[in-house]
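Q: Chains as they are written, first to last, in the numbering used here: chain A, 4 to 257; chain B, 4 to 257; chain C, 4 to 257; chain D, 4 to 257. We put the CB at the ideal spot given by N, CA and C, even for glycine. The structure presented is a predicted model; accordingly, all values stated were derived computationally and were not measured. Please see the structure below; I have some questions.
Number of protein chains: 4
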Amino acid sequence: MWKTGISKIEPNHIVTRGYRQEDLIGSVPFASVFFLLLNGKMPDKKEAQMIDALITSSVDHGITPPTTHAARLVASAGVPLPTAVAAGILAVGDVHGGAIEEGARILQEWVKIGKEKGWSHDMTARELLKQIRDSGKRMPGFGHRIHTKDPRTRRLFDLARDLGFNREHVELSVAIEREFASKKALPINVDGAIAAIISDMGFDWRLGKAFFLIGRVAGMIAHVYEEMTSEKPMRRMCTQETEYDGPWERPPDK
Amino acid sequence: MWKTGISKIEPNHIVTRGYRQEDLIGSVPFASVFFLLLNGKMPDKKEAQMIDALITSSVDHGITPPTTHAARLVASAGVPLPTAVAAGILAVGDVHGGAIEEGARILQEWVKIGKEKGWSHDMTARELLKQIRDSGKRMPGFGHRIHTKDPRTRRLFDLARDLGFNREHVELSVAIEREFASKKALPINVDGAIAAIISDMGFDWRLGKAFFLIGRVAGMIAHVYEEMTSEKPMRRMCTQETEYDGPWERPPDK
Amino acid sequence: MWKTGISKIEPNHIVTRGYRQEDLIGSVPFASVFFLLLNGKMPDKKEAQMIDALITSSVDHGITPPTTHAARLVASAGVPLPTAVAAGILAVGDVHGGAIEEGARILQEWVKIGKEKGWSHDMTARELLKQIRDSGKRMPGFGHRIHTKDPRTRRLFDLARDLGFNREHVELSVAIEREFASKKALPINVDGAIAAIISDMGFDWRLGKAFFLIGRVAGMIAHVYEEMTSEKPMRRMCTQETEYDGPWERPPDK
Amino acid sequence: MWKTGISKIEPNHIVTRGYRQEDLIGSVPFASVFFLLLNGKMPDKKEAQMIDALITSSVDHGITPPTTHAARLVASAGVPLPTAVAAGILAVGDVHGGAIEEGARILQEWVKIGKEKGWSHDMTARELLKQIRDSGKRMPGFGHRIHTKDPRTRRLFDLARDLGFNREHVELSVAIEREFASKKALPINVDGAIAAIISDMGFDWRLGKAFFLIGRVAGMIAHVYEEMTSEKPMRRMCTQETEYDGPWERPPDK
């Protein structure tokens with residue numbers, strides 16, 4: 004016997020989170036349906052606009068990220084479209100998309116600590132970074148290997164401000180960025196922005212990768228389709244020189 | 004050297020299908036961004052509403068379909084959320100979501116044949132079904148194991164009519180349904196409806212599974228999260244009686 | 004530029020871990036080639052027999068474990084064989100196969116601690132269990148939901164003794180079992196046995212899931228093939244009653 | 004209710020294909036257990052040696068094939084080992100490993116046709132190639148992008164001859180190679196060799212990808228472990244220059 008709070012399926016009657024599906028289809032935007040699925044309640048207008056922006060911000064970053072790269076590579080081996088997209092999703096890991104989850108976890112933990120201690124956000128940021136550095140780790144969601152001023156971050160934070168989601172988690176993020184800047188600039192990246200905003204929207208940090216995942220699936224479908232229709236199978240995908248640093252060829256044992 | 008018509012990535016500058024991402028985020032609904040990604044052009048208002056409805060119609064059908072079932076099962080083994088969702092996507096196959104792809108392929112082929120021959124849709128439907136039956140196959144996208152009148156199909160067709168996407172492929176579908184009804188009712192199911200409508204919107208049938216996939220990912224994320232947060236790991240997921248019909252236990256050889 | 008210590012590929016010349024592949028094929032048993040791949044050196048006779056036994060012990064436990072269950076479920080949706088097997092592999096997680104990895108990690112850590120402290124294995128076992136209990140966790144690799152005396156464990160330990168791999172990690176495992184028995188019997192299961200033996204063979208605990216994985220792939224291939232050739236697609240795989248405990252159906256908002 | 008001819012699981016009693024698992028572990032080589040799982044019967048000595056050679060011949064071809072490439076790429080994103088290996092398996096597709104399946108299908112079909120017609124293998128090879136060419140396809144399992152004389156093929160065929168598996172399917176393969184040579188040399192590659200030999204061993208062609216898959220899993224585990232332990236996460240895996248051939252950046256609509 005299964006138990007679920009999400010779906011009720013009966014003949015000619017499909018209910019999701021309490022809504023008949025025919026009342027959702029074409030009446031509630033897909034991003035809001037996603038919010039409803041995660042949250043169990045319909046978003047208000049501001050939440051609806053914010054969630055839509057969040058998932059769009061992850062759709063595409065070209066071919067080189069492991070997600071899209073893996074999806075195209077696997078597509079080139081002659082598999083069905085969903086198989087290639089799934090391979091790409093498997094690359095949503097601790098260092099690719101994972102900064103949203105871990106970043107949100109840390110922000111949620113330290114906003115709570117800061118409140119209990121009665122600290123300012125700047126004070127909390129300092130303590131937080133000190134502890135992360137002492138444990139030999141890095142704060143996820145800051146810095147980017149290509150962008151120094153990620154246009155997606157700026158846009159998301161502008162929206163968050165306009166819609167009222169620039170609350171304590173966004174503020175703590177900005178305080179962390181300030182604290183970094185006092186030494187070496189390490190601006191909030193798009194993962195860090197999503198981490199802060201979903202925290203201010205009240206989402207559990209364990210859903211962090213989900214926002215990236217659903218957006219990126221849209222982009223990967225386009226890339227897989229382009230690969231299937233425009234490129235040769237098993238093409239050489241990159242300079243394939245390999246340096247062998249293992250043992251020299253040995254005579255067979257015995 | 005990669006080549007792509009989808010993305011241009013430069014420092015602080017991310018362009019997708021010709022649009023700066025900061026101009027898409029929060030300004031263009033996610034479903035329209037998905038359309039843009041697939042099509043290379045922005046949808047008009049009617050296309051935007053239709054594509055949004057199409058992907059919402061696949062979000063959720065409870066736990067029992069192989070997608071959601073596999074995702075929850077794999078989640079129960081203690082893996083990261085994206086790994087569980089990917090397992091569910093792998094179940095988007097020829098008989099689960101595949102009716103959209105194969106249905107669209109057949110409709111697109113026969114609309115063309117019908118036109119060349121100058122046939123009515125009823126005539127085309129008859130010939131099409133005859134040939135499918137003769138080859139021992141079944142027309143995908145008709146009939147459902149639970150629903151006799153799928154509320155999603157009705158809703159999608161109403162929208163298609165209102166928005167002007169009830170063209171020759173939808174008409175051929177309805178003619179096929181009529182032809183079935185003359186013998187044994189086998190109503191268009193939600194896959195069949197999507198197949199017809201995306202064909203009338205001008206999509207390549209090879210993208211058929213993509214519409215189902217992106218919608219279902221939203222539902223699977225909710226189900227995986229519910230599994231991770233509400234259920235015990237490795238729980239018994241269903242009556243697990245197994246009947247062994249292999250050989251009787253043998254003494255070891257030798 | 005890639006760098007690898009595993010393979011050197013040149014025209015008509017394939018070298019793996021220093022051996023020409025034509026010298027491995029048909030001359031070195033597959034399980035030994037697996038050992039060579041992981042270790043970079045050829046196993047001696049005892050290692051060769053032990054590794055073969057270890058990977059065989061994971062091949063099959065019927066349909067109900069998440070691996071095999073997921074593989075058959077996904078196969079029933081009409082996907083290629085490798086896609087279904089991959090879905091099964093995704094279910095090798097923290098609570099399914101993961102006891103090998105985590106168990107080996109703990110054994111390797113505490114054998115070292117015990118040595119430094121000059122403790123007996125019984126003493127180490129007591130301290131180890133105390134600390135695990137205090138942290139609210141459970142010792143992985145002990146107890147089984149079906150077997151009280153797993154025949155695979157017994158067989159593996161007998162072999163380990165005969166081949167000389169019952170060293171300090173196996174001894175610590177047995178001491179833990181003894182310590183459990185003084186309260187409530189919780190015998191070493193097959194995962195626990197593999198964890199102890201690979202530790203005594205000198206393997207890194209981070210390879211723990213690999214031994215289970217490669218064995219289980221063999222079993223899953225057989226199950227997927229059986230599913231594809233003997234069962235109907237999309238069959239109902241288990242009692243599919245679902246209890247909905249979400250909100251009652253609501254009138255659509257607005 | 005499940006039904007299976009593979010496994011019987013009862014408390015303290017695990018039977019696979021009629022054998023108690025404790026009688027298989029450490030007594031029957033893993034490759035023979037794989038044969039048993041697929042076939043339902045224990046291999047004889049010759050079958051045991053041949054199957055072992057077959058699966059070893061697929062273990063490793065360096066980093067550049069889509070399987071291993073995808074596995075390392077996904078590993079670099081910070082996911083568990085099984086997740087990365089699964090991504091690699093997803094790349095076992097129609098043009099990567101698939102030549103075994105499709106090659107075996109064609110050989111099995113044409114050996115039958117040749118017999119019915121009373122043709123020589125040379126005659127059958129000519130007709131077969133003519134028909135494949137006429138349909139615009141290519142014979143899978145011949146030619147290699149790197150090797151002109153694949154050392155694995157030679158070794159497998161030598162073993163097949165010594166063990167008596169060079170029967171009609173191997174003979175037809177050799178006849179096809181001869182027929183190619185009369186125009187342009189296109190030697191049997193390792194996939195073609197496996198396709199021919201498994202056909203002479205009596206395996207269903209639908210299992211073709213399975214032999215490649217299980218071997219390659221061994222190699223991928225080693226490569227994933229090397230990636231996890233020797234390389235930086237999210238490293239740049241190849242020259243990542245991308246040429247954008249999409250539309251020029253447009254002003255946002257509206």
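Straight-line CA distance for arginine 158 (chain D) to histidine 147 (chain A)?
A: Going by the C-alpha atoms only, they are around 50 Å apart.
Q: When you compare the CB positions of alanine 80 (chain B) and histidine 99 (chain C), do they come within less than 7 Å of one another, or not?
A: Contact flag set, yes.
Q: Using the three-state DSSP reduction, which class does isoleucine 82 (chain B) fall into: helix, strand or coil?
A: A small correction: the amino acid at residue 82 (chain B) is valine; isoleucine does not occupy that position in the sequence shown. Correct three-state label for valine 82 (chain B): coil.
Q: In chain order, which continuous runs of the alpha helix (DSSP H) of length 4 or greater are located wholly inside the region 188 to 228 of chain C?
A: DSSP runs (the alpha helix (DSSP H)) wholly in the region 188 to 228 of chain C: 193 to 203.
Q: Can you tell me which residues form a DSSP beta bridge with lysine 11 (chain B)?
A: Partner(s): B:Val18.
Q: Would you call serine 233 (chain D) buried or exposed, if buried means 16 or more other Cβ atoms sit within 10 Å of its Cβ?
A: Per the 10 Å Cβ criterion, exposed.
Q: With respect to the alpha helix (DSSP H) encompassing glutamate 105 (chain D), which residues constitute its N-terminal and C-terminal limits?
A: First-last of the alpha helix (DSSP H) with glutamate 105 (chain D): 101 to 120.
Q: List, in chain order, every chain A residue whose beta-carbon is nearer than 8 Å to that of lysine 252 (chain C).
A: According to the sequence provided, residue 252 (chain C) is glutamate. The question's lysine does not apply to it. Residues of chain A passing the Cβ test: Lys11, Val18, Gly21, Tyr22 and Arg23.
Q: Counting contacts by CB-CB distance shorter than 7 Å, is histidine 226 (chain B) in contact with chain C?
A: Not one chain C Cβ lies under 7 Å of histidine 226 (chain B).
Q: Excluding sequence positions up to five away, which residues of its chain have a Cβ less than 6 Å from the Cβ of methionine 142 (chain B)?
A: Closer than 6 Å at the Cβ level, and outside the excluded window around methionine 142 (chain B), lie Ile135.
Q: Under 8 Å between beta-carbons, which chain A residues line up against serine 60 (chain B)? List them in chain order, please.
A: Neighbours of serine 60 (chain B) on chain A, chain order: Gln24 and Ile28.
Q: Determine the closest residue to threonine 245 (chain C) out of B:Tyr22, B:Glu50 and B:His64, with distance taken between C-alpha atoms.
A: Of B:Tyr22, B:Glu50 and B:His64, the residue nearest in Cα terms is B:His64.
Q: Please tell me whether histidine 275 (chain C) has its Cβ less than 7 Å away from any Cβ of chain B.
A: A query on residue 275 (chain C) cannot be resolved here, the shown segment of chain C reaching from 4 to 257 and no further.
Q: What number of angstroms, rounded off, separates the C-alpha of glutamate 180 (chain C) from the C-alpha of alanine 56 (chain D)?
A: One C-alpha to the other measures close to 40 Å.
Q: What would DSSP say about isoleucine 168 (chain B), mapped onto helix, strand or coil?
A: In the sequence as presented, isoleucine is not what sits at residue 168 (chain B); that position holds phenylalanine. The answer is coil: DSSP assigns phenylalanine 168 (chain B) none of H, G, I, E or B.
Q: Taking a cut of 9 Å between CB atoms, which residues from the region 124 to 138 of chain A lie near chain B?
A: Result list empty, no residue passes.
Q: Does alanine 80 (chain A) get closer than 7 Å to chain D when you measure Cβ to Cβ?
A: It does; some Cβ of chain D falls within 7 Å.
Q: Going by DSSP, which residues form a beta bridge with glycine 5 (chain A)?
A: Note that residue 5 (chain A) is tryptophan in the sequence shown, not glycine. Note: tryptophan 5 (chain A) sits in a beta bridge opposite C:Thr245.
Q: Taking the continuous alpha helix (DSSP H) assigned at isoleucine 135 (chain D), which residues delimit it?
A: Its alpha helix (DSSP H) spans residues 124 to 137.
Q: Please list the partners that aspartate 63 (chain C) has in chain D, where partner means a Cβ-to-Cβ separation under 8 Å.
A: Going along chain D in sequence order, the residues near aspartate 63 (chain C) (Cβ under 8 Å) are Ile9, Ser10, Ile17, Thr19, Gln24 and Leu40.
Q: On the three-state DSSP scale, how would you describe glycine 144 (chain D)?
A: In this structure, glycine 144 (chain D) counts as coil in the three-state DSSP scheme.
Q: For the alpha helix (DSSP H) that contains serine 185 (chain A), what are its first and last residues?
A: Here serine 185 (chain A) belongs to no alpha helix (DSSP H), and DSSP marks it neither H nor E.
Q: Let's see if you can read the secondary structure: which residues bound the alpha helix (DSSP H) around serine 35 (chain D)?
A: Serine 35 (chain D) -> alpha helix (DSSP H) spans 33 to 42.
Q: Within this structure, are the beta carbons of alanine 34 (chain C) and phenylalanine 33 (chain D) separated by less than 7 Å?
A: Going by C-beta atoms, alanine 34 (chain C) is nearer than 7 Å to phenylalanine 33 (chain D).
Q: Could you check the C-alpha separation between isoleucine 217 (chain A) and valine 220 (chain B) for me, to the nearest Å?
A: Roughly 7 Å between the two C-alpha positions.
Q: List the residues that DSSP assigns as beta-bridge partners of glycine 96 (chain A).
A: Looking at the DSSP assignment, glycine 96 (chain A) forms a beta bridge with A:His99 and A:Gly100.
Q: Assess, as a yes-or-no matter, whether the region 178 to 194 of chain B is touched by the region 17 to 33 of chain B under the definition of 3 or more beta carbon pairs within less than 8 Å.
A: They do not touch, by the three-pair rule.
Q: In three-state DSSP terms, what is arginine 23 (chain D)?
A: It is a strand residue.
Q: Along chain A, which residues have their Cβ under 8 Å away from the Cβ of proline 83 (chain C)?
A: Going along chain A in sequence order, the residues near proline 83 (chain C) (Cβ under 8 Å) are Val82, Pro83 and Thr86.
Q: What's the C-alpha gap between threonine 67 (chain D) and isoleucine 12 (chain C)?
A: The straight-line gap from Cα to Cα measures roughly 10 Å.
Q: Excluding the 5 residues preceding and the 5 following aspartate 203 (chain C) in the sequence, name in chain order all residues of the same chain whose CB lies nearer than 6 Å to its CB.
A: So the qualifying residues of the chain are Phe168, Arg170, His172 and Val173.
Q: Applying a beta-carbon distance threshold of less than 7 Å, which residues of chain D neighbour isoleucine 66 (chain A)?
A: What isoleucine 66 (chain A) touches in chain D: Thr245.
Q: Are there 16 or more other CB atoms within 10 angstroms of the CB of alanine 188 (chain C), so buried, or fewer, so exposed?
A: Result: exposed.
Q: So, is the C-beta of proline 154 (chain A) closer than 7 Å to a C-beta in chain B?
A: Output row for proline 154 (chain A): interface = yes.
Q: Under the rule that 16 or more other beta-carbon atoms within 10 Å means buried, what is glutamate 112 (chain A), buried or exposed?
A: So glutamate 112 (chain A) counts as exposed.
Q: Out of curiosity, what's the CA-to-CA distance linking arginine 108 (chain D) and lysine 186 (chain C)?
A: Spanning the two alpha carbons is a distance of roughly 59 Å.
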